[in-house]
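Everything below concerns the one structure shown next.
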Amino acid sequence: MARILVQTADFDTGAELARLTAGRSDIGGIGCFVGTVRDTAAGRKIAALTLEHYPAMTERALAGIAAEAERRWDLLGCTVIHRVGRLLPGEPIVLVLAASAHRQAALEATAFLIDWLKTKAPFWKKEELADGVAAWVEAREADTQAAARW
Amino acid sequence: MSDALPLTVLYFAWLRERTGVTEERVIAPPGIASVAALVDWLAGRSAGHAAAFADRAVVRCAVNQEFADPATPLHAGDEVAFFPPVTGG
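In order, the protein sequences belong to chains A and D. Every number in this note's numbering is 44 more than the matching position in the first sequence, counting from 1. Every number in this note's numbering is 5 more than the matching position in the second sequence, counting from 1.
This is the structure:
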């Protein structure tokens, strides 16, 4: 059963890793992806990023993606934490952890989880540029292709 | 001909901004049995709705919190959400 959280608060990656492995010795590796707010987009300076989501659907969608990862790989634990609200450049947005007996499953499942999350979970980013203009981020074809490779 | 459909319609991101609506309860008239038909009808509700649905190729939809498509059938009491392609992560 995956640990799924959607929250405004920051997350503690070390504490999440410790939580995943607490009291067990069957795990051989944990894949970890942390997404952070980049300060530029298409060559323009970003002042902040605001993440909106569909609360009634978000956790269900993330749980569905995690369940699919658990179906495809032998996972011994899985954590997905996604932040919402207004975030500044450098701040963490998303944490994905996938634990398995062996590294290949852990690393592949981690990549799968973030690729699918980007195209199948109801979050939307709005960028505030340094000059005060705000614009919704458009979906990228590269992200669709990354999700389709699985 | 189907009956009139009571629905809850939600809008996110720029669809919320263009419609000026976060959530609305609507009674769709008889004959509206799919997402595509609902979009046609909603687009006539205001200039903002028309702007939100001007380019339907970039509008995504969920029915009862599951991703849906234009052909998805609708039933009384459904929650229908409209939004742009997702950009999380």
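Glycine residues also receive a C-beta, built at the ideal position from the N, C-alpha and C atoms.
Exercise for review: Take residue 131 of chain A and list the residues in its own chain whose beta-carbon comes closer than 8 angstroms to its own, dropping the five residues that flank it on each side.
Suggested key: The sequence position of residue 131 of chain A within the first sequence is 87, counting from 1. Contacts found: 81, 92, 93, 94, 95 and 137.
Point to revise | Rounded Cβ spacing between residue 171 of chain A and residue 181 of chain A (contact assumed at less than 8 angstroms) | key: Position 127 of the first sequence, counted from the first residue, corresponds to residue 171 of chain A. Position 137 of the first sequence, counted from the first residue, corresponds to residue 181 of chain A. Sure, about 6 angstroms apart at Cβ, within 8 angstroms.
Exercise for review: Locate the alpha helix (DSSP H) running through residue 121 of chain A, then write down its first and last residues.
Suggested key: In the first sequence, the residue the question calls residue 121 of chain A occupies position 77. Boundaries for residue 121 of chain A: no alpha helix (DSSP H) harbours it, while the beta strand (DSSP E) harbouring it runs 119 to 127, taken from the DSSP string.
Point to revise | Cβ-based neighbour list, residue 72 of chain D, same chain, cut-off 8 angstroms, excluding 5 preceding and 5 following | key: As a working note, residue 72 of chain D is residue 67 in the second sequence. Closer than 8 angstroms at Cβ, skipping near neighbours: 65 and 66.
Check your understanding: Count the other CB atoms within 10 Å of the CB of residue 32 of chain D; is the residue buried (16 or more) or exposed (fewer)?
Key -> The count along the second sequence starts at 1 and reaches residue 32 of chain D at position 27. Exposure of residue 32 of chain D is indicated by the presence of fewer than 16 other C-beta atoms within 10 angstroms of its C-beta.
Check your understanding: With 16 other CB atoms within 10 Å as the buried threshold, where does residue 19 of chain A fall?
Key -> Past the boundaries of the shown model lies residue 19 of chain A; chain A is included only from 45 to 194, so the question cannot be answered.
Check your understanding: Which residues does DSSP pair with residue 195 of chain A in a beta bridge?
Key -> Chain A is shown from 45 up to 194; residue 195 of chain A falls before or after that span and cannot be answered.
Check your understanding: Is residue 80 of chain A helix, strand or coil by DSSP?
Key -> Taking the first residue of the first sequence as 1, we reach residue 80 of chain A at position 36. Under the three-state reduction of DSSP, residue 80 of chain A is assigned to strand.
Review point. Could you give the distance in angstroms between the alpha-carbon of residue 121 of chain A and the alpha-carbon of residue 12 of chain D?
Key: Translated into positions along the first sequence, residue 121 of chain A becomes position 77. Translated into positions along the second sequence, residue 12 of chain D becomes position 7. Residue 121 of chain A and residue 12 of chain D: Cα-Cα distance of roughly 39 angstroms.
Practice item. State the CB to CB distance for the pair residue 119 of chain A and residue 155 of chain A, rounded to an integer number of angstroms; the pair is presumed to be in contact (CB under 8 angstroms). Key: As a working note, residue 119 of chain A is residue 75 in the first sequence. As a working note, residue 155 of chain A is residue 111 in the first sequence. With 8 angstroms as the limit, residue 119 of chain A and residue 155 of chain A do not qualify as a contact, their Cβ atoms being about 13 angstroms apart.
Practice item. Return the residue from the list A/104, A/139, A/188 and A/144 that minimises the CA-CA distance to residue 70 of chain A. Key: Along the first sequence, one-based indexing puts residue 70 of chain A at 26. Out of A/104, A/139, A/188 and A/144, A/144 has the C-alpha closest to the C-alpha of residue 70 of chain A.
Practice item. Put residue 63 of chain D into one of helix, strand or coil per three-state DSSP. Key: Counting from one through the second sequence, the residue named residue 63 of chain D turns up at place 58. Here residue 63 of chain D sits in helix by DSSP.
Check your understanding: For the stretch 128 to 146 of chain A, which residues have a CB atom closer than 8 angstroms to at least one CB atom of chain D, in sequence order?
Key -> For chain D, the residues of the stretch 128 to 146 of chain A that bring a beta carbon within less than 8 angstroms of one of its beta carbons are 137 and 138, in chain order.
Point to revise | Beta-ladder partner(s) of residue 148 of chain A, from DSSP | key: As a first step, residue 148 of chain A is located in the first sequence; it is residue number 104 there, counting from the start. According to DSSP, which records beta bridges pairwise, residue 148 of chain A is partnered with nothing at all.
**Study point:** Residues near residue 56 of chain D in its chain [Cβ-Cβ closer than 7 angstroms; skip 5 each side]
**Key:** Here residue 56 of chain D is taken as the residue at index 51 of the second sequence, counted from 1. The residues are 23.
Practice item. Find the residues of chain D that neighbour residue 89 of chain A, judging by a C-beta separation of less than 8 angstroms, and give them in chain order. Key: The residue labelled residue 89 of chain A in the question sits at position 45 within the first sequence. Those do not exist, as residue 89 of chain A stays about 19 angstroms from chain D at its closest Cβ, beyond 8 angstroms.
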